[in-house]
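The opening position of the sequence shown corresponds to residue 19 in this note's numbering, with each subsequent residue numbered one higher.
Shown next, in structure tokens, is the structure this report addresses.
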Amino acid sequence: MAAKGSHSHVKLEAEIERCRAEGHWGRLRHLAQQLLPPRPPPMFLVGWCVLSEDHGSMLLAEALLEECLKENFAKLKDSIPLSEKSEPKLSEAKQYLTNILSRGKLRPKYMTEAMLILGKLHYVEGCYRDAISMYAKAGIDDLSTKDEPLYVLRLVTEAFVIKGLSLERSTNSIASRARLCEREEEVMACFERACVIAQVYLQELEKTLNNTHSRSIKGGNVAYSEFELSYFLEAALQSAYVTQLKKGNIVKGMRSLREILRTVETKATQTFKMVREWEMGGWGLLLHSLSEDCYWSPLSDPLPEFMNKEYQSYVSNLLCRRPELYSEENSVLLSWFLMPHVCLCQANRDAVISRAPEQQDDRAVSLRDASAVYDLLSITLGRRGQYVMLSECLERAMKFAFDEFHLWYQLALSMVACGKSAYAVSVLKECAKLRPTDPTVPLLAAKVCIGSLHWLEEGEHFAKMVIDLGEDAGESLAKGYLALGLIYSLQATDATLKGTQDELNKKALQTLER
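Right, dumping it as structure tokens:
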């Protein structure tokens, strides 16, 4: 019986570790309840029950906090602090953790974990100094990730990125410039360590999940596809190079970004790399931060004016575990000039085109991600004057652009730019149907008709669409009259009868005066 009980306990602990590593917080809450002792416990079990209860309470607190964070992802992204009054799960989690730490009965390993969880809770409440203080008590700078369970890698990753974010938000109280520079270096050290550990965690997690599910489920990646990067894991992957690029440290930012590109990809990071990384950090920031004249390839040295910012990693000698990388030969192909096309393939592959009501949310996410990729693609190809290629790419986007004005309008603009004027007018007609109160659409269509096509009747129709909007057209109303006046004048030029010419010229003059 004792052996059977011991085996059951080991199995429970293993299942708890798995849930904490993979983020199954609902399941973790259920398992944590099993650790809570009966009430009231027998006298001879009081000591053991306190330990078991505190451990179960810590797991419950973690599950409650993570569920709360998942529900408030948008607020986290906008750096809006969460309140105990409006978030009962947050309040309950804080109560559990405070009681655990005040009793101090847990093993040192679990006490440290409780501090890491409470540090995260302080951060989301907006108490940045409390978060920094809690991480100092936990001694995260001395924590080792060697031979630790996967969930510990996740906790340490989040601890470092949260510490970095908290330090960033606490710089206003620093008056000394020297101290401010030290603080910035400390922030970057936290971000870089978080990035490295996060990549190790995700790679090891994928190996574990593939091994587990391949034994029981054919095509065992199904379960893994449900794993979603939390806000703090996303922040850990991108904070280092985003911060460097925003500060103008081009060499450091580029090398940090390329290091991530060379990291062997996992399924959890595919969508992240496709959209968030390139939208929020990599591709988008490079377009803003680095001109083509300043670009250098991965195997060459930066320009001389950048050499005084030569990269120095804060973590090269601190971490014993580093992520697996692709070879140098492969990394050359991941130049940011190629990334738009890689992202484009993934966006088209992952598009949700079903109009079923139950897939509405998935369709919205798919469209948002695709729009972000196509916007950045437009900037990149536009710089090179590759409008024909851009229009071809955008045509392929039409399969999931049903009733979506933005993608239709991008397609119309690209066709105007590459000289496909007749196609552009057809697309602009669809845009006008999607947004009938927007005067800029028929104005552009009228311009194309007047100019390269000389479709004067079509142009007249579009110009009158603007005029029919009246005062709702705003400053575009005058442009509508201008377009119509030009059309009447051109029609007069084309007319063969004197009476028709005089009538059209009169209408043109009246319209232009108007």
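The C-beta atom is built at its ideal place from N, Cα and C for all residues, glycine as well.
The alpha-carbon separation between F250 and K123 amounts to approximately 29 angstroms. The DSSP-derived three-state label of T116 is helix.
Cβ-Cβ distances below 7 angstroms link T529 to Y499, L502, G503 and Y506 in the same chain, with the five nearest sequence neighbours on each side left out; the list follows chain order.
Taking a C-beta distance under 8 angstroms as the contact criterion, V445 and L461 do not qualify as a contact pair. Exclusion of the five residues before and after A510 leaves Q519, L522, N523 and A526 as the residues of its chain whose Cβ lies within less than 7 angstroms of its Cβ. Assigned with DSSP and collapsed to three states, T226 falls in helix. Short of 6 angstroms from the beta carbon of A50, and not among the five residues preceding or following it, lie these beta carbons of its own chain, in chain order: G74, L77 and L78. Boundaries cannot be given for D96, as no alpha helix (DSSP H) includes it and DSSP labels it neither H nor E.
Secondary structure of T281 (DSSP, three-state): strand. Here DSSP, grouped into helix, strand and coil, assigns D520 to helix. A distance below 6 angstroms between beta-carbons, with the five flanking residues on each side excluded, links P99 to the following residues of its chain, in chain order: E143 and G144.
Relative to T284, the option among D319, R273, S248 and K225 whose CA is nearest is K225. Residue environment for V174: buried (at least 16 other C-beta atoms within 10 angstroms of its C-beta). Apart from sequence neighbours up to five positions away, the residues of its chain that approach L54 with a beta-carbon distance below 6 angstroms are E71 and G74, ordered along the chain. With 16 or more neighbouring CB atoms inside 10 Å of its own CB, P457 falls in the buried class. Using a 10 angstroms sphere on the CB of H42, the tally of other CB atoms reaches 16 or more, which defines it as buried. When C-alpha distances from E186 are compared across E40, A258, L227 and N228, the shortest belongs to A258.
Short of 6 angstroms from the beta carbon of L452, and not among the five residues preceding or following it, lie these beta carbons of its own chain, in chain order: F423. Within the same chain, L49 and Q52 come within 7 angstroms of L30 by CB-CB distance, once the 5 residues on both sides are set aside. Around the beta carbon of D387, 16 or more other beta carbons sit within 10 angstroms, so the residue counts as buried. The shortest CA-to-CA distance from V170 to any of K497, R38, S248 and A496 is the one to R38. Measuring C-alpha to C-alpha distances from A156 to each of L168, Y146, D165 and I135 identifies I135 as the nearest.
For I158, there is no enclosing alpha helix (DSSP H), as DSSP marks it with neither H nor E.
Comparing alpha-carbon positions, the option among E413, Y392, L408 and F418 lying closest to Q378 turns out to be F418.
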